[in-house]
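**Student:** Add 106 to a position in the sequence shown, counting from 1, and you land on the number used in this note's numbering. All residues carry an ideal CB built from backbone N, CA and C; glycine is no exception. Since the model is a prediction, treat every value here as computed from it, not as a measurement.
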Amino acid sequence: MTRALFQRALLPLKAHFIVLSILPKEISMTSPAPQTRRKLIEVSIPLEKINEQSAREKSIRHGHPSTLHLWWSRKPTSTARAVLFAQIVDDPGSRPDLFPTVEEQDAERRELFEIIEQISNWDTVKNDPEGWFDKAREKIMLYTDGNPPAVADPFAGGGSIPLEAQRLGLEAHASDVNPVAVLLEKALIEIPPKFTGQPPVFPGAAEVLDSDDSSAWPGATGLAEDVKRYGEWMLEEAKKRIGHLYPDAELPDGTKAPVIAWLWARTVTCPNPACGIAAPLTSSWWVSKKKGNEAYISPIVTDGIVHYEVHHGKEGGPIRKMMAR
Ligand SMILES: C[S@@+](CC[C@H](N)C(=O)[O-])C[C@H]1O[C@@H](n2cnc3c(N)ncnc32)[C@H](O)[C@@H]1O
Numbered sequence: 107m108t109r110a111l112f113q114r115a116l117l118p119l120k121a122h123f124i125v126l127s128i129l130p131k132e133i134s135m136t137s138p139a140p141q142t143r144r145k146l147i148e149v150s151i152p153l154e155k156i157n158e159q160s161a162r163e164k165s166i167r168h169g170h171p172s173t174l175h176l177w178w179s180r181k182p183t184s185t186a187r188a189v190l191f192a193q194i195v196d197d198p199g200s201r202p203d204l205f206p207t208v209e210e211q212d213a214e215r216r217e218l219f220e221i222i223e224q225i226s227n228w229d230t231v232k233n234d235p236e237g238w239f240d241k242a243r244e245k246i247m248l249y250t251d252g253n254p255p256a257v258a259d260p261f262a263g264g265g266s267i268p269l270e271a272q273r274l275g276l277e278a279h280a281s282d283v284n285p286v287a288v289l290l291e292k293a294l295i296e297i298p299p300k301f302t303g304q305p306p307v308f309p310g311a312a313e314v315l316d317s318d319d320s321s322a323w324p325g326a327t328g329l330a331e332d333v334k335r336y337g338e339w340m341l342e343e344a345k346k347r348i349g350h351l352y353p354d355a356e357l358p359d360g361t362k363a364p365v366i367a368w369l370w371a372r373t374v375t376c377p378n379p380a381c382g383i384a385a386p387l388t389s390s391w392w393v394s395k396k397k398g399n400e401a402y403i404s405p406i407v408t409d410g411i412v413h414y415e416v417h418h419g420k421e422g423g424p425i426r427k428m429m430a431r
């Protein structure tokens with residue numbers, strides 16, 4: 107037995123297309139050449155519905171994998187699900203062994219279309235009372251004789267394709283040359299399945315729910331609770347140790363407010379022996395150039411230390427030339 111790698115370039119799906127590898131789990135070198143079966147994607151797919159869902163997905167801001175981290179050209183998960191499914195199941199017209207008559211083939215094709223339309227909808231991912239994903243997995247098993255291929259995406263980026271392969275019950279592999287992408291893929295695909303259905307381990311967290319109930323922490327909810335709790339713990343610890351370096355800002359009315367972003371600059375020691383201050387290196391002192399909301403920083407040297415003042419408006423402007431010298 108051997109394991110072969112077939113590169114399969116998929117058909118362009120309007121603007122979205124995917125190149126991935128299908129890894130047959132078992133290929134016998136001695137078995138007869140398989141008959142050519144046309145995959146559903148080679149015949150027809152409900153493109154309009156898939157596009158509709160893919161476009162809609164772009165505006166989902168909460169609880170969607172794309173909000174984990176920005177990534178270039180991240181594929182909509184709807185497209186990934188639909189394309190993966192449609193390239194694994196056969197076109198029923200190629201399966202007279204399963205669907206002998208044209209009527210049966212048409213009916214089966216309609217059913218496959220319905221499954222694609224339903225699973226490409228993000229709402230079905232969140233709530234699937236009718237079991238559309240179970241139906242999709244059953245069809246995959248039917249068309250692959252119970253031996254579905256593994257999916258490998260060597261350029262996985264934000265991980266849409268391997269994530270959706272996993273959702274369809276397929277063995278998924280992901281890699282990328284960029285370590286940030288690999289981290290995203292680990293967080294999305296590799297780590298959550300290891301903790302599926304497990305309660306959180308943060309002290310006391312599991313007791314919030316009835317721990318005897320095995321369904322109390324479905325999916326990755328236990329892991330998510332731990333991420334939240336340990337995240338809060340880390341934030342508190344960081345505040346204790348370095349919080350004094352990030353004080354609250356004082357507002358014009360004298361009240362204090364937490365700072366949401368810090369600007370930073372590297373410093374160099376001024377080579378002039380009579381000066382010796384730690385001079386900030388920056389290419390611009392502008393904080394905002396937005397019309398009507400201009401703001402800039404003025405560095406003020408007092409007793410050999412640079413202090414910073416924030417000014418609003420354009421008046422006075424930043425001292426760009428002076429600092430560039
Ligand atoms: C268009 S993005 C993939 C987006 C991904 N399909 C998604 O849905 O998020 C292309 C990815 O290929 C990766 N890449 C480029 N050259 C590569 C190489 N030689 N080996 C592995 N990954 C590579 C990039 O780092 C980038 O993450």
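1) Under a three-way DSSP split, which group does Ala326 fall into?
2) For Pro254, count neighbouring C-beta atoms within 10 Å of its own C-beta (all shown protein chains included) and say buried if the count is 16 or more, exposed if not.
3) May I ask you to report which of helix, strand or coil DSSP gives His279?
4) Hey, how far is the Cα of Gly419 from the Cα of Val283?
5) Taking the alpha-carbon positions, what's the Leu218 to Glu236 distance?
6) Within a Cβ cutoff of 6 Å, which residues of the same chain sit near Thr230, ignoring the five residues on either side of it in sequence?
7) Can you grab the Cα-Cα spacing for the pair Gly263 / His417, in whole Å?
8) Report the partner residues of Ile406 according to the DSSP bridge assignment.
9) By how many angstroms is the C-alpha of Ser165 removed from the C-alpha of Pro386?
10) Under three-state DSSP, which class holds His418?
11) Whole angstroms is fine: what's the gap from Ala367's alpha carbon to Lys345's?
12) Just tell me which of Thr183, Arg372 and Pro424 has its CA closest to the CA of Gly265.
13) Could you round the C-beta distance between Asp259 and Ala280 to whole angstroms and report it? I think they count as a contact, below 8 Å.
14) Sorted by chain position, which residues of the same chain lie with C-beta nearer than 7 Å to Leu290's C-beta, five sequence neighbours on each side aside?
15) I'd like to check one pair, Ile246 with Ile194: are the Cβ atoms closer than 7 Å?
16) Sorry if obvious, but does the Cβ on Arg180 come closer than 6 Å to a heavy atom of ligand 1?
17) Within 10 angstroms of its Cβ, does Gly328 collect 16 or more other Cβ (buried), or is it exposed?
18) What span of residues does the beta strand (DSSP E) with Trp392 cover, start to end?
**Tutor:** On the basis of the supplied data:
1) For the purposes of this step, residue 326 is taken as residue 220 along the sequence shown, with counting starting at 1. In the structure shown, Ala326 sits in coil (DSSP, three-state: anything other than H, G, I, E or B).
2) To locate residue 254, count along the sequence shown from 1; it is residue 148. So Pro254 ends up on the buried side.
3) The sequence position of residue 279 within the sequence shown is 173, counting from 1. DSSP, reduced to helix, strand and coil, places His279 within a strand of the structure shown.
4) Counting from 1 along the sequence shown, the entry for residue 419 is found at position 313. Counting from 1 along the sequence shown, the entry for residue 283 is found at position 177. Their Cα atoms are separated by approximately 44 Å.
5) For the purposes of this step, residue 218 is identified with residue 112 of the sequence shown, where counting begins at 1. For the purposes of this step, residue 236 is identified with residue 130 of the sequence shown, where counting begins at 1. Cα-Cα distance, rounded: 15 Å.
6) Walking along the sequence shown from the start, residue 230 turns up at place 124. So the list reads Gln224 and Trp238, once near-sequence residues are dropped.
7) Position 157 of the sequence shown, counted from the first residue, corresponds to residue 263. Position 311 of the sequence shown, counted from the first residue, corresponds to residue 417. Approximately 41 Å between the Cα atoms of the pair.
8) Translated into positions along the sequence shown, residue 406 becomes position 300. According to DSSP, Ile406 bridges with His413.
9) Along the sequence shown, read from residue 1 onward, the residue named residue 386 stands at position 280. Along the sequence shown, read from residue 1 onward, the residue named residue 165 stands at position 59. A straight-line Cα-Cα distance of about 40 Å links Pro386 and Ser165.
10) By 1-based counting over the sequence shown, the position of residue 418 is 312. Strand at His418.
11) By one-based count along the sequence shown, residue 367 stands at place 261. By one-based count along the sequence shown, residue 345 stands at place 239. Note on geometry: alpha-carbon atoms of Ala367 and Lys345 lie some 15 Å from one another.
12) For the purposes of this step, residue 265 is identified with residue 159 of the sequence shown, where counting begins at 1. By alpha-carbon distance to Gly265, the top candidate from Thr183, Arg372 and Pro424 is Thr183.
13) The residue you call residue 259 lines up with position 153 of the sequence shown. The residue you call residue 280 lines up with position 174 of the sequence shown. Taking a contact as a CB-CB distance under 8 Å, the pair Asp259 and Ala280 counts as one, their CB atoms being some 5 Å apart.
14) As a first step, residue 290 is located in the sequence shown; it is residue number 184 there, counting from the start. Excluding residues up to 5 positions away in sequence, Leu174, His175, Trp177, Gly264 and Gly265 lie with their Cβ nearer than 7 Å to the Cβ of Leu290 in the same chain.
15) Indexing the sequence shown from 1 puts residue 194 at position 88. Indexing the sequence shown from 1 puts residue 246 at position 140. Judged by beta-carbon spacing, Ile246 lies within the 7 Å limit of Ile194, meaning their Cβ atoms are closer than that value.
16) The residue you call residue 180 lines up with position 74 of the sequence shown. Flag set: Cβ of Arg180 near ligand 1.
17) Mapped onto the sequence shown, residue 328 falls at position 222. With 16 or more other Cβ atoms within 10 Å, it is buried.
18) Here residue 392 refers to the residue found at position 286 of the sequence shown. Element bounds for Trp392: Trp392 to Ser394.
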